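When we follow numbering that gives the first Met the number 0, the leftmost residue of the sequence shown carries the number 0, and every step to the right adds one.
By construction, the Cβ of each residue, glycine as well, lies at the ideal position given by its N, Cα and C atoms.
The model shown is predicted, which means the values in this text are computed figures rather than measured ones.
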Amino acid sequence: MTGAAGVRAAEALLRGTGGRKVLVRMPAPAIAGDDGEQLGLEAPQFQDFELEPVVFRKSSAALLDTEMLVSAKAVKRVVGSLGYDSAKTLFREALGIVVGDDLFEVEWVRSSEVFGVTYLYQLGLRGDLSLLT
């Protein structure tokens with residue numbers, strides 16, 4: 000198996016096990032020269048970016064935490080479109096993950112690799128798994 004095959008396999012497994020679509024909520028870039036924004040008079044703006052396929056499971060780490068498994072290919076698309084240097088930077092800067100109407104805070108990020116190629120990201124989300132059903 001090569002690294003590329005691992006990426007394809009992860010994508011297929013996530014889709015085959017009921018992969019869902021979620022949104023990564025990011026702060027919108029500041030507008031240069033906008034006095035209201037610089038003084039804090041403007042309401043913060045946010046942008047949402049789609050991630051799919053993702054699968055959720057109960058975290059073994061904590062009672063109310065949820066793990067989200069997401070394809071590295073999907074994460075790479077968002078990282079590239081925003082010009083970030085890594086997925087960890089993306090998720091550190093994110094306000095959270097939007098599932099339906101609920102916003103979940105990203106607690107931690109781990110990656111899984113095969114032959115030096117990342118094929119899957121695991122995110123620890125703060126929130127109740129029962130909200131996701």
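Q.
Closest to residue 111 by C-alpha separation, out of 105, 50, 122, would be which residue?
A. Reading the sequence shown from its first residue, position 112 is the one you call residue 111. The shortest Cα separation from residue 111 among 105, 50, 122 belongs to 122.
Practice task
May I ask you to report which of helix, strand or coil DSSP gives residue 2?
Solution key: Your numbering for residue 2 matches position 3 in the sequence shown. The answer is helix: DSSP assigns residue 2 an H, G or I state.
Please check the pair residue 119 and residue 71, which I expect to be a contact at CB under 8 angstroms, by giving their CB distance rounded to whole angstroms.
As a position in the sequence shown, residue 119 is number 120, starting the count at 1. As a position in the sequence shown, residue 71 is number 72, starting the count at 1. Confirmed, Cβ separation roughly 6 angstroms.
Checklist line | The beta strand (DSSP E) enclosing residue 90, as first and last residue numbers | finding: Taking the sequence shown and counting its residues from 1, the one referred to as residue 90 is at position 91. Element bounds for residue 90: not the beta strand (DSSP E) but the alpha helix (DSSP H), 86-92.
Exercise. Return the CA-CA distance between residue 96 and residue 47, expressed in angstroms with no decimal places.
Key: Counting from 1 along the sequence shown, the entry for residue 96 is found at position 97. Counting from 1 along the sequence shown, the entry for residue 47 is found at position 48. In a straight line, the C-alpha of residue 96 is about 9 angstroms away from that of residue 47.
Can you give me the Cβ contacts of residue 1 inside the same chain, cut-off strictly under 7 angstroms, excluding the 5 residues immediately before and after it?
Here residue 1 refers to the residue found at position 2 when the sequence shown is read from its first residue. Answer for residue 1: 114, listed in chain order.
Buried or exposed, going by whether 16 or more other CB atoms sit within 10 Å of the CB of residue 80? To locate residue 80, count along the sequence shown from 1; it is residue 81. Residue 80 should be labelled exposed.
Would you kindly work out how many angstroms separate the C-alpha atoms of residue 28 and residue 76, rounded to a whole number? Numbered from 1 along the sequence shown, position 29 holds the residue referred to as residue 28. Numbered from 1 along the sequence shown, position 77 holds the residue referred to as residue 76. C-alpha separation (whole angstroms): 19 angstroms.
- [ ] Name the residue from 26, 54, 22 whose alpha carbon lies nearest to the alpha carbon of residue 16.
- [x] Along the sequence shown, one-based indexing puts residue 16 at 17. The candidate whose alpha carbon is nearest that of residue 16 is 54.
Problem set entry | Collapsed DSSP secondary structure at residue 58 in the structure displayed | Counted from its first residue, the sequence shown places residue 58 at position 59. Here residue 58 sits in coil by DSSP.
Exercise. Can you tell which of 67, 99, 98, 100 has its C-alpha closest to the C-alpha of residue 106?
Worked result: Here residue 106 refers to the residue found at position 107 of the sequence shown. It is 67.
Going by other Cβ atoms of all chains shown within 10 Å of its Cβ, with 16 needed for buried, is residue 52 buried or exposed?
If you number the sequence shown from 1, residue 52 lands on position 53. Counting Cβ neighbours within 10 Å, residue 52 comes out buried, since at least 16 surround it.
Checklist entry - By how many angstroms is the C-alpha of residue 22 removed from the C-alpha of residue 104? => result Here residue 104 corresponds to residue number 105 of the sequence shown, with the count starting at 1. Here residue 22 corresponds to residue number 23 of the sequence shown, with the count starting at 1. Their Cα atoms are separated by approximately 12 angstroms.
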